[in-house]
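Novice: The sequence shown begins at 1282 in my numbering and counts up one residue at a time. Just so you know, even glycine gets a beta-carbon here, dropped at the ideal spot from N, CA and C.
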Amino acid sequence: MEQVAYKGTNKLITGIVFGVITFWLFAQSLVNVVPAIQQDIGISSDLLNIAISLTALFSGIFIVVAGGMADKFGRMKLTYIGLGLSIIGSLCLVLTQGAVLLIIGRVIQGLSAACIMPATLALMKTYFEGKDRQRALSFWSIGSWGGSGICSFAGGAIATYMGWRWIFVFSIIFAVLGIFLIKGTPESKVAQTGAKAKFDLSGLITFVIAMVSLNLVITRGSTFGWASVTTLTLIVVFLLAATLFFRIELKQLNGFIDFSLFKNKAYTGATLSNFLLNAAAGTLLVANTYVQVGRGFTAFQSGLLSIGYLVCVLGMIRVGEKILQRIGARKPMILGSLITAIGIGLTSLTFLPGMVYTVIVFIGFSLFGIGLGMYATPSTDTAVSNAPEDRVGVASGIYKMASSLGGSFGVAISATVYGVITASGNIDLAAMIGLLTNVGFCLASLIAIIVTVPREKKAMEVVTE
């Protein structure tokens, strides 16, 4: 097995967090600069929605593969590759003059996140123990959940005063800093024993086809026509690919997704609720677009509305860690999902006038941050601590696949709901329904936790050696 004599440092944590925010902060900032990008490069709303969701989609699709590669070839190696891809993807966005380079850059950013997230989570598992691991995971969560909190404000401020391309200049800078900060950390990988397992290419291909076709149905269905031959064909392709994928995976011992991990109810609950709660990322896209288009806010002003989210999510992540240590994971996960639903529900009150709505949205975003911050560390620790040691990279990959796919489809669904209703001329109603859709995701997350996460007093740490 692995050599774990090396003990993780604050320098390593900082470098990892810098890598994590290249996706969660900078890549996700596109949710608040839609009007600016459209005005700059003249891209259609449909193509821009696809570009926004592609990074999370490709991250989700390939994150499990990257997690397995991290276990096999080295977690440090995959982290370096991810940071390199982040630099390339960001450079594409800095230089883009149209849809092609924008989409290519977003895909590369997704592949970067797929490498970084499971590899760095596995490094946290390997080089930190007990309370030190929970502390390290709290900072990892600050990079991911906190990054998603600041992305709206940071992206809006940068776009308003410097131009939206500077978002990705800063992303390049932080990726380079991350490379230097993690330099010198020993490699970590699983010792290979026995015959080499054959890579599940058929599982990967069918999964990619299923996810891409479903994403196209969601993002382009209204343009194609919901009953058009193109849309119906894509639905059939999705159903066939998804069915074939499950048939392939359930017959394989070393499949693309290791379904045996879901025999652990705690891991299942953390992963499923993580998917559903991340789907609420569509809140930022709908709320920011609505206040800019419907209420005349600038990107910076709309970002200021979510500053309470940033403060609360960053403050509550460490609080969530302490609650986890005192009473276990289940209660803070339940309460976090419920508070998040209430917060988003407040932002959906678009019938309120001027300043009243502004104040209510600020309060709603603050509750949004409190809920996610409370949920983050207990959920992440539950998933990582319940993963077998020899499959922690794959298990971390599946957990973060849930984050990325949840965010991708949540943004795509919310944008589609908002766009379809806006086309009828009622932008207030469009924003309300779009935001209530995200409340539904939170409530589904709440139900998933109640049903699947065990009632232990303290977070379970069942690790199969």
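Does Lys1406 pass the burial test, meaning 16 or more other C-beta atoms within 10 Å, or should it be called exposed?
Specialist: When all chains shown are included, Lys1406 counts as buried.
Novice: Do the region 1283-1298 and the region 1409-1423 make contact, defined as three or more Cβ pairs closer than 8 angstroms?
Specialist: With a cut-off of 8 angstroms, the region 1409-1423 and the region 1283-1298 count as touching, because enough Cβ pairs lie within range.
Novice: Mapping DSSP to helix, strand and coil, what is Ser1705?
Specialist: DSSP places Ser1705 in coil when its eight states are reduced to three.
Novice: Secondary structure at Ile1538, three-state DSSP: helix, strand or coil?
Specialist: Here Ile1538 sits in coil by DSSP.
Novice: Suppose you measure from the CA of Phe1505 to the CA of Ile1598; what does that come to, to the nearest Å?
Specialist: Taking the straight line from one Cα to the other gives about 42 angstroms.
Novice: Confirm, please, whether the CB-CB distance from Ala1622 to Cys1723 is below 8 angstroms.
Specialist: Going by C-beta atoms, Cys1723 is nearer than 8 angstroms to Ala1622.
Novice: Enumerate in chain order the residues of its own chain whose CB-to-CB distance from Leu1717 is below 6 angstroms, with the five nearest sequence positions on each side excluded.
Specialist: Excluding positions up to five away in sequence, the list reads Ser1629.
Novice: On a CA-only basis, which of Lys1288, Ser1429, Gly1391 is nearest Leu1404? Give me that one, please.
Specialist: Among Lys1288, Ser1429, Gly1391, the Cα nearest to that of Leu1404 belongs to Lys1288.
Novice: Going straight from the alpha carbon of Gly1236 to that of Ser1503, what length do you get?
Specialist: Because the chain here runs from 1282 to 1746, residue 1236 falls outside it and cannot be looked at.
Novice: For Val1640, does the count of other Cβ atoms within 10 angstroms reach 16, so buried, or fall short, so exposed?
Specialist: Val1640 comes out exposed.
Novice: Please check the pair Thr1360 and Ala1395, which I expect to be a contact at CB under 8 angstroms, by giving their CB distance rounded to whole angstroms.
Specialist: Wrong, their Cβ atoms sit about 12 angstroms apart, outside the cutoff.
Novice: Look at the alpha carbon of Met1282 and the alpha carbon of Leu1710, and state the distance between them as a whole number of angstroms.
Specialist: Low confidence applies here, because Met1282 scores a pLDDT of 41, under 50, leaving its location unreliable; read the following figure in that light. Each residue's Cα considered, the two are about 57 angstroms apart.
Novice: In whole angstroms, what is the alpha-carbon distance linking Leu1769 and Leu1633?
Specialist: The displayed coordinates of the chain run from 1282 to 1746. Any statement about residue 1769 would go beyond what the structure contains.
Novice: Have a look at Val1450, Val1301, Leu1495, Arg1611 and flag the residue whose alpha-carbon is nearest the alpha-carbon of Arg1736.
Specialist: The shortest C-alpha separation from Arg1736 is found at Arg1611.
Novice: I need the DSSP call for Leu1558, collapsed to helix, strand or coil.
Specialist: In the structure shown, Leu1558 sits in a helix (DSSP, three-state: H, G or I).
Novice: For Pro1316 and Val1574, which I take to be in contact (beta-carbon distance under 8 angstroms), what is that distance rounded to the nearest angstrom?
Specialist: Right, the Cβ-Cβ distance comes to about 7 angstroms (below 8 angstroms), so this counts as a contact.
Novice: What is the rounded straight-line gap between the Cα of Phe1543 and the Cα of Thr1549?
Specialist: Roughly 5 angstroms separates the two Cα atoms.
Novice: Can you look up Met1443 in the DSSP assignment and give me helix, strand or coil?
Specialist: DSSP places Met1443 in coil when its eight states are reduced to three.
Novice: Which whole runs of the alpha helix (DSSP H) in the region 1502-1528 are 4 residues long or more, in chain order?
Specialist: Listed in chain order, there is nothing to give.
Novice: For Val1567, which option in Ala1337, Phe1343, Gln1319, Ala1696 has the closest C-alpha, if you only look at C-alpha atoms?
Specialist: Looking at the Cα atoms, Ala1696 is the closest of the given residues.
Novice: Mind checking Lys1681: buried by the 16 CB within 10 Å criterion, or exposed?
Specialist: Buried, because 16 or more other Cβ atoms sit within 10 Å of the Cβ of Lys1681.
Novice: Helix, strand or coil for Tyr1287, going by three-state DSSP, please let me know.
Specialist: Three-state DSSP puts Tyr1287 in coil, outside helix and strand.
Novice: Would you mind stating whether Ser1310 and Ala1435 have Cβ atoms separated by less than 8 angstroms?
Specialist: Going by C-beta atoms, Ser1310 is nearer than 8 angstroms to Ala1435.
Novice: What is the DSSP secondary structure of Phe1268, reduced to helix, strand or coil?
Specialist: Any question about residue 1268 goes unanswered here, given that the chain covers just 1282 to 1746.
Novice: Output the distance between the C-alpha atoms of Ile1679 and Phe1537, rounded to the nearest integer angstrom.
Specialist: If you take the alpha carbons of Ile1679 and Phe1537, they lie about 10 angstroms apart.
Novice: Please say whether Ile1448 and Ala1440 have beta carbons closer to each other than 8 angstroms?
Specialist: The answer is yes: Cβ separation under 8 angstroms.
Novice: Compute the Euclidean distance between the alpha carbons of Thr1564 and Asn1719, then round it to the nearest angstrom.
Specialist: Between Thr1564 and Asn1719, the C-alpha separation is close to 6 angstroms.
Novice: Rounded to the nearest angstrom, what separates Asp1327 and Thr1579 at their Cα positions?
Specialist: Computed Cα separation, rounded: 22 angstroms.
Novice: Have a look at Thr1658, Gly1645, Ser1469 and flag the residue whose alpha-carbon is nearest the alpha-carbon of Lys1358.
Specialist: Among Thr1658, Gly1645, Ser1469, the Cα nearest to that of Lys1358 is on Ser1469.
Novice: I'd like to check one pair, Trp1305 with Gly1437: are the Cβ atoms closer than 8 angstroms?
Specialist: Against a cut-off of 8 angstroms, the Cβ pair of Trp1305 and Gly1437 comes out as no contact.
Novice: Can you list, in chain order, the residues of its chain whose CB lies under 6 angstroms from that of Gly1688, leaving out five sequence neighbours each side?
Specialist: Answer for Gly1688: Ala1337, Asn1559, Ala1562, listed in chain order.
Novice: By Cβ distance below 6 angstroms, which residues in the same chain neighbour Ser1645 in space, the five residues on each side in sequence not counted?
Specialist: Checking the sequence shown, residue 1645 turns out to be Gly, not Ser. Taken in chain order, the residues that qualify are Gly1624, Leu1627, Thr1628.
Novice: Using alpha carbons as the reference points, say which of Asp1662, Val1637, Gly1349 lies closest to Leu1605.
Specialist: Nearest of Asp1662, Val1637, Gly1349 to Leu1605, Cα basis: Asp1662.
Novice: Quick check: Gly1584 and Ile1620, are their CB atoms within less than 8 angstroms of each other?
Specialist: Contact flag unset, no.
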